[in-house]
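A.B. asks: Have a look at this one.
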Amino acid sequence: MGELLIKGARPYGEGEPVDVLTRDGVIIEIGTGLAADAAEVLPANGQILLPGFVDLHTHLREPGREDTETIESGSAAAALGGYTAVFAMANTDPVADSVVVTDHVWRRGQEVGLVDVYPVGAVSVGLAGKQLAEMGTMASGVGAVRMFSDDGHCVDDPLLMRRALEYANTLGVLIAQHAEEPRLTRGAVAHEGPNAARLGLTGWPRAAEESIVARDALLARDAGARVHICHASTAGTVELVKWAKSQGISITAEVTPHHLLLDDSRLATYDAVNKVNPPLRESSDAEALRRALAEGIIDCVATDHAPHAEQDKCCEFAVARPGMLGLQTALSIIVRTMVEPGLLDWRGVAKVLSERPAEIVGLDEHGRPIAVGEPATLTLVDPEASWTVRSSELASISRNSPFEAMAMPGAVTATILRGRITARAGSVVARAGNSASVAAQDRGGR
Ligand code: DOR
Ligand code: ZN
């Protein structure tokens with residue numbers, strides 16, 4: 001594979017710039033004034049070097065809705081966003097409830113070669129919440145599924161959830177719960193509160209999420225199993241996760257960039273680009289989420305990147321599909337919500353975007369320290385850059401970014417997967433022999 005020399009980068013944004021030399025996908029030397037004749041050189045000009053980002057929650061729409069995202073287009077968006085690993089949720093068509101689908105997702109991701117696409121297996125057959133999927137078969141397939149989730153749906157039957165946790169425990173895999181008590185969200189499209197009431201939108205109470213978080217913490221306690229809470233959205237969820245951790249329960253939680261930055265005042269336009277599950281909450285919830293992420297009560301950031309076709313978004317609010325693009329805007333939103341207000345330094349950013357998510361799913365090739373002998377799986381960030389979101393320029397096939405036209409601080413300038421540059425200066429870098437197809441997705445310039 002050869003050598004790559006990153007010239008003048010600041011690991012974790014600390015200290016004086018250093019050179020990082022990699023060979024065959026591994027960091028072999030860190031120092032100043034390094035030279036390597038045969039090496040490809042990446043000038044970093046004092047930019048910040050972080051471990052490659054890991055997204056525990058990505059919706060790629062392959063198989064089934066390749067008109068909205070494919071493993072290839074989603075991989076391009078991920079690489080441009082600084083990600084080296086993404087977990088592709090199971091709510092595809094067909095559902096990823098069999099090893100045929102999960103192995104396909106893994107293989108296709110490797111073929112594209114821009115990020116490691118880890119398949120998430122469904123907890124229940126067809127996401128129907130009735131019968132456990134063949135978790136063991138998926139876990140032992142080529143795709144080696146290590147996380148299971150019915151995301152998009154909640155595993156609401158407590159007995160099925162308990163069994164899933166028990167099986168997961170024996171298999172050494174993780175259950176990630178989309179916490180939503182469906183009997184409390186029938187017809188709900190917006191956070192239950194003054195804004196939804198004024199706008200005439202059916203409300204989604206905080207308790208719909210919090211009741212499941214509390215229940216699952218207790219189920220995990222009794223099963224001696226781990227549970228991961230997807231997209232925490234309320235101040236109450238923060239309190240419950242904090243309590244569960246204080247009891248020694250193995251619970252982890254993620255928060256999305258959109259729940260950190262946005263609130264339900266955005267709904268006033270009835271533009272369904274702001275429709276998402278769980279819904280955008282109140283500014284007090286967003287504030288509690290930011291604090292909880294800074295304090296480690298919430299473990300990590302996950303995008304919930306959810307591409308949707310124009311016809312599924314540009315329609316009546318009540319019938320529009322929920323979800324937002326997230327892969328290419330995540331880093332900048334973390335800079336805006338966490339770094340600029342002094343809630344996280346760059347070590348902290350490395351932790352929430354890379355190290356903790358990798359730990360939660362037990363990846364040993366991602367989220368590693370920047371040190372000799374470690375994988376050269378890295379992201380270079382220019383903290384001084386600023387850019388404006390234009391969804392037409394994002395690599396996703398879909399356009400549903402709620403951040404359209406927003407000015408963003410900080411930019412990913414290069415992403416490196418096992419010593420190979422996958423994105424650079426806003427363009428994806430296709431692997432030799434893969435150029436034709438991936439180049440077609442190269443719409444990420446900024
Ligand atoms: O807003 C959402 N969109 N929330 C989910 O849980 C699923 C996702 C999707 O698949 O579009
Ligand atoms: Zn979800």
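Here the UniProt record's numbering is used: position 329 in the sequence shown is 329, and no number is missing along the way. Even for Gly, the Cβ is constructed at its ideal location relative to N, Cα and C. Given the structure is predicted, the values throughout are model-derived calculations rather than measurements.
When every heavy atom of the ligand DOR is checked, does at least one fall within less than 7 Å of the C-beta of ASP116?
C.D. replies: By 1-based counting over the sequence shown, the position of residue 116 is 116. No, since every heavy atom of the ligand DOR falls outside the 7 Å radius drawn around the Cβ of ASP116.
A.B. asks: Figure out for me which residue from GLU40, ALA225, ARG418, LEU327 has the closest Cα to the Cα of GLU166.
C.D. replies: If you number the sequence shown from 1, residue 166 lands on position 166. If we check each option's Cα against that of GLU166, ALA225 comes out closest.
A.B. asks: Between the Cα of VAL335 and those of MET324, ARG347, LEU325, spot the shortest distance and give me the residue it belongs to.
C.D. replies: For the purposes of this step, residue 335 is identified with residue 335 of the sequence shown, where counting begins at 1. Minimum Cα distance to VAL335 is reached at ARG347.
A.B. asks: Give a yes or no on whether the minimum CB-CB distance between LEU60 and chain B is below 8 Å.
C.D. replies: No chain B is part of this structure, which consists of one protein chain only.
A.B. asks: Taking DSSP as the reference, what is the three-state secondary structure of GLY445?
C.D. replies: In the sequence shown, residue 445 corresponds to position 445, counting from 1. At GLY445 the pLDDT is 36, less than 50, meaning the model places this residue with poor confidence; the figure from the coordinates comes in the next sentence. GLY445: coil per DSSP, three-state reduction.
A.B. asks: Under 7 Å: does the beta carbon of HIS258 sit that close to some heavy atom of the ligand ZN?
C.D. replies: Along the sequence shown, one-based indexing puts residue 258 at 258. HIS258: no, Cβ never under 7 Å from the ligand ZN.
A.B. asks: Give the single residue among ILE28, GLY82, PRO341, GLY8 whose Cα lies nearest to the Cα of ALA371.
C.D. replies: Taking the first residue of the sequence shown as position 1, residue 371 is located at position 371. Of the candidates ILE28, GLY82, PRO341, GLY8, the one whose C-alpha sits nearest the C-alpha of ALA371 is ILE28.
A.B. asks: Closer than 7 Å between the C-beta and any heavy atom of the ligand ZN: which residues qualify, listed along the chain?
C.D. replies: Spelled out in chain order, the answer is ASP151, GLY152, HIS178, CYS230, HIS231, ASN277, ASP304.
A.B. asks: Cβ of ALA306 versus every heavy atom of the ligand DOR: is any distance shorter than 7 Å?
C.D. replies: Working through the sequence shown from its first residue, we reach residue 306 at position 306. Answer for ALA306: yes, Cβ within range of the ligand DOR.
A.B. asks: Let's see if you can read the secondary structure: which residues bound the beta strand (DSSP E) around TYR167?
C.D. replies: Looking up residue 167 in the sequence shown gives position 167. Element bounds for TYR167: not the beta strand (DSSP E) but the alpha helix (DSSP H), 158-171.
A.B. asks: At 3 residues or longer, what runs of the beta strand (DSSP E) sit wholly inside the region 317-379?
C.D. replies: Listed in chain order, there is nothing to give.
A.B. asks: Where in the region 121-152 do unbroken runs of the alpha helix (DSSP H), each at least 4 residues long, occur, reported from the N-terminal end onward?
C.D. replies: Complete alpha helix (DSSP H) runs here, min 4: 135-139.
A.B. asks: Under 7 Å from any heavy atom of the ligand DOR, does the C-beta of ASN91 make it?
C.D. replies: Residue mapping note: residue 91 aligns to position 91 of the sequence shown, counting from 1. Yes; taking the cut-off as 7 Å, the Cβ of ASN91 has a heavy atom of the ligand DOR nearer than that.
A.B. asks: Count the C-beta pairs between the region 296-305 and the region 246-258 that are closer than 8 Å, then say yes if the count reaches three, no if not.
C.D. replies: In short, these stretches touch, since the Cβ pair count reaches three.
A.B. asks: In the DSSP assignment, find the unbroken beta strand (DSSP E) run with LEU417 in it and report its ends.
C.D. replies: As a first step, residue 417 must be located in the sequence shown, where it is residue number 417. Residues 407-417.
A.B. asks: Please name the residue or residues paired with LYS7 in a DSSP beta bridge.
C.D. replies: In the sequence shown, the residue the question calls residue 7 occupies position 7. Partner(s): PRO43.
A.B. asks: Using only CA atoms, which one of ARG61, ALA128, GLN311 lies nearest to THR102?
C.D. replies: As a working note, residue 102 is residue 102 in the sequence shown. Comparing Cα positions, the closest option is ARG61.
A.B. asks: Let me know the secondary structure DSSP gives GLN247 once reduced to three states.
C.D. replies: Residue numbering aside, residue 247 sits at position 247 when the sequence shown is read from its first letter. In this structure, GLN247 counts as coil in the three-state DSSP scheme.
A.B. asks: Which full runs of the alpha helix (DSSP H) of 4+ residues lie inside the region 64-113, going along the chain?
C.D. replies: Whole alpha helix (DSSP H) segments, 4+ residues: 71-80, 99-112.
A.B. asks: Looking at the structure shown, is ASP304 part of a helix, part of a strand, or coil, going by DSSP?
C.D. replies: Position 304 of the sequence shown, counted from the start, is the residue given in the question as residue 304. It is coil, neither helix nor strand.
A.B. asks: Could you give the DSSP three-state label for ILE298: helix, strand or coil?
C.D. replies: Position 298 of the sequence shown, counted from the first residue, corresponds to residue 298. Here ILE298 sits in coil by DSSP.
A.B. asks: Is the distance from the Cβ of LEU132 to the Cβ of LEU160 below 8 Å?
C.D. replies: In the sequence shown, counting from the first residue as 1, residue 132 sits at position 132. In the sequence shown, counting from the first residue as 1, residue 160 sits at position 160. For LEU132 and LEU160, yes; Cβs fall inside 8 Å.
A.B. asks: CB-CB under 8 Å to THR70, same chain, minus the five flanking residues each way: which ones, in chain order?
C.D. replies: Along the sequence shown, read from residue 1 onward, the residue named residue 70 stands at position 70. Once the five neighbours on either side are set aside, the close Cβ partners of THR70 are LEU60, ARG61, GLU62, ILE397.
A.B. asks: What separation, rounded to the nearest whole angstrom, lies between the Cα atoms of ALA321 and CYS314?
C.D. replies: By 1-based counting over the sequence shown, the position of residue 321 is 321. By 1-based counting over the sequence shown, the position of residue 314 is 314. Reading the sequence as shown, one finds Arg at residue 321 and not Ala. About 9 Å.
A.B. asks: Candidates PRO17, LEU34, GLY52, ALA39: which alpha carbon is nearest LEU378's?
C.D. replies: Against the sequence shown, residue 378 aligns to sequence position 378. The candidate whose alpha carbon is nearest that of LEU378 is GLY52.
A.B. asks: Have a look at ARG266 and LEU199 and give me their C-alpha separation to the nearest angstrom.
C.D. replies: Sequence index remark: in the sequence shown, residue 266 carries index 266 (1-based). Sequence index remark: in the sequence shown, residue 199 carries index 199 (1-based). Each residue's alpha carbon lies about 11 Å from the other.
A.B. asks: Apart from the five residues just before and just after THR234, which ones in its own chain have a Cβ nearer than 7 Å to its Cβ?
C.D. replies: On the sequence shown, position 234 is the one that residue 234 refers to. Hits under 7 Å: ARG206, GLU209, GLU210, ARG281, ASP285.
A.B. asks: Can you round the beta-carbon distance between VAL349 and VAL339 to whole angstroms, since I take them to be within the 8 Å contact cut?
C.D. replies: Looking up residue 349 in the sequence shown gives position 349. Looking up residue 339 in the sequence shown gives position 339. Indeed, because the Cβ distance is near 6 Å, the residues count as touching under 8 Å.
A.B. asks: Cβ atoms of VAL173 and ALA217: under 8 Å apart, would you say?
C.D. replies: Within the sequence shown, numbered from 1, the residue matching residue 217 stands at position 217. Within the sequence shown, numbered from 1, the residue matching residue 173 stands at position 173. Not closer than 8 Å, so no.
A.B. asks: Per the contact definition of three or more C-beta pairs closer than 8 Å, is the region 379-396 in contact with the region 15-35?
C.D. replies: No: the two stretches stay apart, fewer than three of their Cβ pairs being nearer than 8 Å.
A.B. asks: Opposite SER229 in the DSSP bridges: which residues?
C.D. replies: Reading the sequence shown from its first residue, position 229 is the one you call residue 229. According to the sequence provided, residue 229 is Ile. The question's Ser does not apply to it. GLN177, ALA253, per the DSSP bridge assignment.
A.B. asks: Under a Cβ-count criterion, where at least 16 other Cβ atoms within 10 Å of its own Cβ denotes burial, should ASN195 be classed as buried or exposed?
C.D. replies: The sequence position of residue 195 within the sequence shown is 195, counting from 1. With 16 or more Cβ atoms within 10 Å of its Cβ, ASN195 is classed as buried.
A.B. asks: For a test of the three-state rule: what should DSSP assign to SER386, helix, strand or coil?
C.D. replies: Residue mapping note: residue 386 aligns to position 386 of the sequence shown, counting from 1. SER386 falls in the strand class under three-state DSSP.
A.B. asks: In chain order, what residues of the same chain have a beta carbon less than 7 Å from the beta carbon of ASN45, not counting five sequence neighbours either side?
C.D. replies: Against the sequence shown, residue 45 aligns to sequence position 45. Excluding residues within five positions, the ones whose Cβ falls inside 7 Å are GLY8.
A.B. asks: How should ARG183 be labelled, buried or exposed, when 16 other C-beta atoms within 10 angstroms of its C-beta is the threshold for buried?
C.D. replies: In the sequence shown, counting from the first residue as 1, residue 183 sits at position 183. With fewer than 16 Cβ atoms within 10 Å of its Cβ, ARG183 is classed as exposed.
A.B. asks: Among the residues of its own chain, which have a CB less than 8 Å from the CB of GLU374, if the five just before and after it don't count?
C.D. replies: The sequence position of residue 374 within the sequence shown is 374, counting from 1. Excluding positions up to five away in sequence, the list reads VAL26, ILE27, ARG368.
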